[in-house]
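Colleague:
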Amino acid sequence: MGTSKGYIPPTGYLWPDVKRDVTKMVKNNFSSSSMDKAISSFAKALNGSGSSRARAAVQSSGRALSFIDSVKRYGFFETLERLGLSHLKNETPEKVRTGLLQYFSDGGNEFYDNISSQSMNELMRELLEGIDDINEYEAVMNTLNTGDFIREFIIKFIQNCFFANFTEKLLTLFDSLDKYEIAEQSVKSYIRNSIEKNYSINEIQNIDWHGQEGNKIINDNYNRALEILSVWSESID
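The numbering of the sequence shown is our numbering, which starts it at -14 and goes up by one.
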């Protein structure tokens, strides 16, 4: 993914260890212990240097959560009216999807803001894929579990943080793009499986996602995900 505008290469005291562990992970052909160590080091570093900026970016998911809650309470079309999106009511499903993605994106231009927007775009495209009638948006959003939504967003955010920091380094360690793509899938699967296996989030209702309560829920779950990934045991493959 290259470096985004606003990107400052990580310089905290934990990041040199992460870089070494990522290199070892590749040299050890992504063995379970080497991947465990690299992701653990990464999660600890992410929870340290720049953690306040990352948490602020994660909180931007509250905008989508507020929209989903409003649809469940008032319906899709009234929600568009309430949130100043009435211009989407007569658009094609594809233009509605594009408009919603723009609305859900935080709009910030810092490194973690860009990652948050990328993660939200990926998540919403998956959820809204295949909709060919604007009336289907309400049905889809009524079935969304806010707990699952938060967890999925956090998974994507952490995955994208890893590759925003290490894509260029990883590319130098492989002699073909195919090998890099296999490595990318391995790391993403490890992050996803580790988080999904170790915790779930119940449905959360009647929350002001733009307020302190909503921010605390999002941050607490983000911190929990990093804690899970930070655990490392020196297992032997």
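We put the CB at the ideal spot given by N, CA and C, even for glycine.
1. What does a CB cutoff of less than 8 Å around E198 pick up in its chain, not counting 5 residues either side in sequence?
2. For Y184, verify whether its CB is less than 7 Å away from any heavy atom of the ligand FAD.
3. Return the first residue and the last residue of the alpha helix (DSSP H) that E153 is part of.
4. Spatial neighbours of T(-12) within its chain, please: C-beta separation below 7 Å, excluding the five flanking residues on both sides.
5. Helix, strand or coil: which one does DSSP assign to D2?
6. Look at the alpha carbon of S215 and the alpha carbon of L86, and state the distance between them as a whole number of angstroms.
7. Apart from the five residues on each side of it in sequence, which residues of its chain come closer than 8 Å, Cβ to Cβ, to N224?
8. Once DSSP output is grouped into helix, strand and coil, what is the label at H195?
9. From the DSSP output, in three-state form, read off S90 for me.
10. Going along the chain, which residues of its own chain have a beta-carbon closer than 7 Å to the beta-carbon of T64, five neighbours each way excluded?
11. Excluding sequence positions up to five away, which residues of its chain have a Cβ less than 7 Å from the Cβ of L70?
12. Quick check on DSSP: helix, strand or coil for K74?
13. Once DSSP output is grouped into helix, strand and coil, what is the label at L65?
14. Could you give the DSSP three-state label for D98: helix, strand or coil?
15. Mark G47 as exposed unless 16 or more other C-beta atoms lie within 10 angstroms of its C-beta, in which case mark it buried.
16. Does the structure place the segment 141 to 153 close enough to the segment 101 to 109 that three or more beta carbon pairs sit under 8 Å?
17. Find the nearest neighbour of R177 within the set G196, L50 and I139, judged by alpha-carbon distance.
18. In angstroms, rounded to a whole number, what distance separates the CA positions of K22 and S37?
19. Considering only the alpha carbon of each residue, which of I116, Y59 and L108 lies closest to F134?
20. Taking C-beta to C-beta, are D202 and Y184 nearer than 8 Å?
21. Would you kindly work out how many angstroms separate the C-alpha atoms of D6 and F15, rounded to a whole number?
Modeller: On the basis of the supplied data:
1. Position 213 of the sequence shown, counted from the start, is the residue given in the question as residue 198. If we look at E198 and ignore the five residues flanking it on each side, its Cβ neighbours are I192.
2. The model on display carries no ligand, and the ligand FAD is accordingly not part of it.
3. Against the sequence shown, residue 153 aligns to sequence position 168. Element bounds for E153: T131 to T157.
4. Position 3 of the sequence shown, counted from the start, is the residue given in the question as residue -12. Because the pLDDT at T(-12) is just 41, under 50, the model does not fix this residue reliably, and the value given afterwards should be weighed accordingly. Once the five neighbours on either side are set aside, T(-12) has no close Cβ partner at all.
5. Counted from its first residue, the sequence shown places residue 2 at position 17. Three-state result, D2: helix.
6. The residue you call residue 215 lines up with position 230 of the sequence shown. The residue you call residue 86 lines up with position 101 of the sequence shown. Distance between the alpha carbons of S215 and L86 is about 31 Å.
7. This structure cannot settle anything about residue 224, because the visible part of the chain is limited to -14 through 222.
8. By one-based count along the sequence shown, residue 195 stands at place 210. DSSP, reduced to helix, strand and coil, places H195 outside both helices and strands of the structure shown, so it counts as coil.
9. In the sequence shown, the residue the question calls residue 90 occupies position 105. Note: S90 maps to coil in three-state DSSP.
10. Mapped onto the sequence shown, residue 64 falls at position 79. If we look at T64 and ignore the five residues flanking it on each side, its Cβ neighbours are F52, S55 and V56.
11. Within the sequence shown, residue 70 is the residue found at index 85, counting from 1. Within the same chain, L70 has close Cβ partners G84 and Y88.
12. By 1-based counting over the sequence shown, the position of residue 74 is 89. In the structure shown, K74 falls within a coil segment according to DSSP collapsed to helix, strand and coil.
13. By 1-based counting over the sequence shown, the position of residue 65 is 80. Of the three classes helix, strand and coil, the one that applies to L65 here is helix, per DSSP.
14. As a working mapping, residue 98 is identified with position 113 in the sequence shown. Correct three-state label for D98: helix.
15. Sequence index remark: in the sequence shown, residue 47 carries index 62 (1-based). Buried: at least 16 other Cβ atoms inside 10 Å.
16. The segment 101 to 109 vs the segment 141 to 153: in contact.
17. To locate residue 177, count along the sequence shown from 1; it is residue 192. For the residues G196, L50 and I139, the minimum Cα distance to R177 belongs to I139.
18. Along the sequence shown, one-based indexing puts residue 22 at 37. Along the sequence shown, one-based indexing puts residue 37 at 52. Their backbone Cα atoms lie some 24 Å apart in a straight line.
19. Stepping through the sequence shown from its first residue, residue 134 is reached at position 149. Residue L108 is the option with its Cα nearest to F134.
20. Looking up residue 202 in the sequence shown gives position 217. Looking up residue 184 in the sequence shown gives position 199. Per the sequence shown, the amino acid found at residue 202 is Ile instead of Asp. Taking 8 Å as the Cβ cut-off, I202 and Y184 do not qualify as a contacting pair.
21. As a working note, residue 6 is residue 21 in the sequence shown. As a working note, residue 15 is residue 30 in the sequence shown. Taking the straight line joining both Cα atoms gives about 11 Å.
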